[in-house]
Each structure stands twice: as structure tokens, then as C-alpha cells.
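Counted from 1, the sequence shown has number 115 at position 115 by full-length UniProt numbering; the numbering is strictly sequential. Worksheet for the structure shown next.
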Amino acid sequence: MKRGALDSFFKPVAPKKPKYEANAKTSTHPTYPFAVPHLPEAFAEQLQFTPAEEGKVMNEEKDLDMVYYQPYIPRSIADGMFEYLRQELFFYRVQYTIKRGGVTTNINTPRFTTVFGVDATSRFMEDGSLVDTKTGNEVEKGRYKCKPRPLPQCLQVLKDLTEGATGENFNFALVNYYADGQDSISYHSDDERFLGPLPTIASFTLGAKRDFLMKHKPMPPGESVAEPKQIKLGLASGDMVLMRGKTQSCWLHSVPKRAGDEAKQGRINITFRKAMVRGGTDNYYQYNVGVGETYKWNGEEKKMKCWS
Ligand SMILES: O=C(O)CCC(=O)C(=O)O
Numbered sequence: 001m002k003r004g005a006l007d008s009f010f011k012p013v014a015p016k017k018p019k020y021e022a023n024a025k026t027s028t029h030p031t032y033p034f035a036v037p038h039l040p041e042a043f044a045e046q047l048q049f050t051p052a053e054e055g056k057v058m059n060e061e062k063d064l065d066m067v068y069y070q071p072y073i074p075r076s077i078a079d080g081m082f083e084y085l086r087q088e089l090f091f092y093r094v095q096y097t098i099k100r101g102g103v104t105t106n107i108n109t110p111r112f113t114t115v116f117g118v119d120a121t122s123r124f125m126e127d128g129s130l131v132d133t134k135t136g137n138e139v140e141k142g143r144y145k146c147k148p149r150p151l152p153q154c155l156q157v158l159k160d161l162t163e164g165a166t167g168e169n170f171n172f173a174l175v176n177y178y179a180d181g182q183d184s185i186s187y188h189s190d191d192e193r194f195l196g197p198l199p200t201i202a203s204f205t206l207g208a209k210r211d212f213l214m215k216h217k218p219m220p221p222g223e224s225v226a227e228p229k230q231i232k233l234g235l236a237s238g239d240m241v242l243m244r245g246k247t248q249s250c251w252l253h254s255v256p257k258r259a260g261d262e263a264k265q266g267r268i269n270i271t272f273r274k275a276m277v278r279g280g281t282d283n284y285y286q287y288n289v290g291v292g293e294t295y296k297w298n299g300e301e302k303k304m305k306c307w308s
């Protein structure tokens, strides 16, 4: 049989686009403002076959080590997954202050955020209680300033599948919702010490296509090698970038503001990470949950609204 004929024989028929139909089962926890319905069955079934495409290794630039999946989540369910997560998760618009050189500045995070998980020194039991990883005893009061939340089933399913496919291990899911082209994240790297050296981060896109920009951190003085050129990836619904090796210690990334209609459809980004120590847990909840209002998607008004 010819190669082409073989390929078409084994190639799966493009799956139908399943609609988002609410699942009656839910994830609950005393720290959740409301229950999160489980991943709709039709999406869970199709996720079993991820990654939808083989990842492309990007390691030709200095200090860069990434795998780019186009897509990881099949396009047939990516937009449905976006609708489902936007509808069912709780979000925050975090405000905080920073002090630099004696000057205090108020920061309004320019996107909606939420976070689930706990660092490697603790873990959640099936019943939702939090125990010390080594002893198995309930975590003492005062270990955390924040109240850690277990991953809801929908993010747990995606995390487990991602771990299986990449051989990596994660204990946090951070979720960003960019409501429109005004929402953004400025150049930064996820190189906090609590992630340990050479952290691996799996970063998913659902919904609107947005540019993901990367640039090398400034080269040390006297470095003879030229600074690598900037990279621009147009991340589409279902795509995933796995950043590993020296990518976080040597490169910065951002999702800049964007004009045009596509960004107005909204975009969700999910990153899976592994925090090694307690400080990571307090840091992630401080900057992704904070102390302000809870927001929930209002399907009639088509926007995030304060939830009470
Ligand atoms: O939205 C994205 O693709 C990037 C998110 C990100 O860089 C972060 O959460 O640290």
C-alpha cells in the first residue's frame, strides 16, 4: 500500500465538535466560593488522545529549550473547553502595592487570574484535607498565610494527562483570563527560587489567538555571543508551549496588549508548574487570588461580574 493511502487509513476522521454540556458532578472544597462542575464527558473522552499533534522542539536559540504543540488539545474541543472554563471557574482581579527605592506603587493586574494547588511540602487528601507530604499529618495552622485550594477535577484531568505525556510533574495550576486586547502580561520570567533550578512550565492557550513574545535577558557585559533575536508565537486555541531547561533563567516572555476584534473573544491561559517550598504557595495565592472580590462569567451580559 502506498504511504498516502496508509496515512489516510490510519488518520482518525476529524472528530465532531462536541458542545459544552454541563456535567452534574462537581468539585467542591471549603475554600471554593462555589462548586465547579466536572469536565464535560465529551471533552474528557477526546483529551485522552492528547497531544493532538507531536510537539516541535525549539532549542536552536541560545539557552532556549521549548516544545511547541500546535495544538495539544484538539481544535475540535478547544473552544468548547474555553467556554466551559470561563463559565465555571472563579476569577480575581488582583491589586497590590510594590515598594521600589522607597516609592510605593499600586499595581492593578491587567487580567483576571485564579490559582489552585500547593507546594511539594504538603498535599491534598481525597477528602480535601491538607497533609504534610513527609509525615501524612494534617498541616499545622500557620504553615500558610493563604488557604490553598485543590485543583478542581477539570484541571486535575488536564494536569495528569500533561504529566503522562511530558514526563514532568506539577503541583500548581495558574489560570489567566484575558477579557480583551487590553488585558496582558508584561515581560517577565517564571524563575522564582521556590520553583527550584531549571523549572519546567506547561502553558496552554484556549480561546482567542494572542501573540506570545520572547526575548533573551540582557547578555552579561563582555559576552561575545550576539543576543538572540526576539521570538513571536501566535498562540491559537488548543496550543501548548512546554518551557524547560534554561528558558526561564535566560529568557523573558509576555503577552502584549493587542488591537483588533479577535482578542475581544477572550483568552484563557493555564500554566502547570511545580513549587518546591512553602513560600511558593503564599506567593501564588497573594498574586492570583489576593483579597478582593470574586468574579464569575455572566453569560447574559457576556462579561465577568462580581459574584457574591
Ligand atoms: O498567557 C500566557 O500565555 C502567558 C502567561 C504567563 O506568562 C504567566 O502566567 O506567567
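From the three backbone atoms N, C-alpha and C, an ideal C-beta is built for every residue, glycine too.
- Straight through space, the alpha carbons of Glu300 and Ala259 are spaced by roughly 25 Å.
- Rounded to the nearest whole angstrom, the C-alpha separation of Glu227 and His216 is 7 Å.
- Secondary structure note for Phe116: its beta strand (DSSP E) is the uninterrupted segment Phe112 to Gly117.
- Residue burial annotation: Glu88 is buried, with at least 16 other C-beta atoms found within 10 angstroms of its C-beta.
- Considering only Leu213, Arg100, Asp160 and Tyr177, the residue with the shortest C-alpha distance to Asn171 is Asp160.
- The way I'd put it, the segment 179-196 does touch the segment 111-118; three or more beta-carbon pairs between them come closer than 8 Å.
- Boundaries of the beta strand (DSSP E) harbouring Lys296: Thr294 to Asn298, taken from the DSSP string.
- Taking 9 Å as the cut-off, the beta carbon of Phe212 is found no closer than this to the beta carbon of Val175.
- Rounded to the nearest angstrom, the gap between the Cα atoms of Thr281 and Glu140 is 15 Å.
- Excluding residues up to 5 positions away in sequence, Glu138 lie with their Cβ nearer than 7 Å to the Cβ of Ser129 in the same chain.
- Here the C-alpha atom of Gly266 lies approximately 25 Å from the C-alpha atom of Asn106.
- Considering only Glu163, Cys250 and Leu158, the residue with the shortest C-alpha distance to Thr205 is Leu158.
- For Tyr69, DSSP records a beta bridge to Met240.
- If you look at Val157, you'll find it in the alpha helix (DSSP H) that goes Gln153 to Thr166.
- The beta carbon of Ser189 sits closer than 6 Å to the beta carbons of Gln248 and Leu252 from its chain, once the five residues preceding and following it are set aside; these are given in chain order.
- By the neighbour-count definition (other C-beta atoms within 10 Å, threshold 16), Val291 is an exposed residue.
- In this structure Gly238 touches Ala52 by the C-beta definition: roughly 7 Å separates them, less than 8 Å.
- Residue burial annotation: Met125 is exposed, with fewer than 16 other C-beta atoms found within 10 angstroms of its C-beta.
- Between ligand 1 and the CB of Asp132, the shortest heavy atom gap is not smaller than 8 Å.
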